[in-house]
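This report refers to the structure that appears directly beneath it.
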Amino acid sequence: MIIEISEKKNIVLTINKNCYLKILTEKDITKEYVSWLNDEEVIKYTDIRFSKQNTINIKNFVKNKFSSNSDFLFGIYFDEIHIGNIKIGEIKWHHKKGEISFFIGNKSFWGQGIATLAVTKVLEFATIKLKLEKVTAGYYVINKASERVFKKCGFKVEGKKINDAVFNGKRIDVVIVGYNKEKINKL
Ligand SMILES: CC(C)(COP(=O)(O)OP(=O)(O)OC[C@H]1O[C@@H](n2cnc3c(N)ncnc32)[C@H](O)[C@@H]1OP(=O)(O)O)[C@@H](O)C(=O)NCCC(=O)NCCS
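Counting from 28, one number per residue, gives the positions in the sequence shown under our numbering.
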C-alpha cells in the first residue's frame, strides 16, 4: 500500500472553502451518524437496510476500515459538520482498482452537488495518490440520484446484473459503472 496506516488519520482532502473529506476514526461516531444509518430514506437503496445499526457495529466498521490497507473511509464535512460518508474500498492493488460508495446522511444537504464534488475528489485521490487506474461502483437501477452523480463524474455504464437485488418485494437490476484513469481531470 502506498500510504501507511499510521498516516491515514492525517488525510484531509479539501474540496472548497466549506467542504472537505477526512478519514474517519472511532472518535467521529456521533448519534447523528448512527441515526442516518437507521433512516429508511437514506438507506433504502443500500444493503444497510437489512440490519439495524448501532454505535457498536458502526464502531467496528469504522475501526475495521481504518486498520485495513485496502480501504479509505472518509467523512464528508460541510462547515465542520459531518454530513455523510464516501469510501474507496476493497482496493485490489495488483489490478490498480477500487470500488467507490457514498451517502449524504444529513438530508438537508441533498441536491446541492456535494456528492458529485466528493466523488470527483476521491477519484483524484484514488488515481493520483493511490495510483489506481480503475474505479467501479454499483447502484440499484431505480436510484436516479446515484445514476446522475456517476454520470456527472464521468462514469460509464459497463453492465447490469439482472434481477440482482430485492426491493419492495420485487427483483431489480443492479447497474455496474466504471471510471478509467485517463478521463480523470485534476480539480
Ligand atoms: C445519492 C446521493 C448521495 C446524492 O447526493 P447529492 O449530494 O444530493 O448529489 P448531487 O447533488 O451531487 O447530485 C444529485 C443529482 O441527482 C439528481 N436527482 C436527485 N434525485 C433524483 C431523482 N429522483 N430523479 C432524477 N434525478 C435525481 C439531482 O437533480 C442532481 O442532478 P443535477 O445536478 O443534474 O440536478 C444522496 O441522495 C444519498 O445519500 N442518497 C441515499 C444513499 C444512496 O443512495 N447512496 C448511493 C448508493 S449507490
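Ideal Cβ placement from N, Cα and C applies to all residues, glycine included.
Does the count of Cβ pairs from the segment 61-74 and the segment 128-138 closer than 8 Å reach three?
yes
Helix, strand or coil at F194 according to DSSP, with G and I counted as helix
Taking the sequence shown and counting its residues from 1, the one referred to as residue 194 is at position 167. F194: strand per DSSP, three-state reduction.
Ligand 1 and W120: does any heavy atom of the ligand fall closer than 7 Å to the residue's C-beta?
By 1-based counting over the sequence shown, the position of residue 120 is 93. Checking the Cβ of W120 against ligand 1 gives no.
Bridge partner(s) assigned by DSSP for E126
For this step, residue 126 is matched to residue 99 along the sequence shown. G116 and T163, per the DSSP bridge assignment.
Ranges of the beta strand (DSSP E) found wholly within the segment 74-107, counting only runs of at least 3
Those beta strand (DSSP E) runs which fall completely within the segment 74-107 and span 3+ residues are 99-105.
Exposure label - I108; buried when at least 16 CB within 10 Å:
Taking the sequence shown and counting its residues from 1, one reaches residue 108 at position 81. Flag for I108 reads exposed.
Given a threshold of 16 other Cβ atoms within 10 Å of its Cβ, counted over all protein chains shown, does S78 qualify as buried or as exposed?
Here residue 78 refers to the residue found at position 51 of the sequence shown. Exposed, since its Cβ has fewer than 16 Cβ neighbours within 10 Å.
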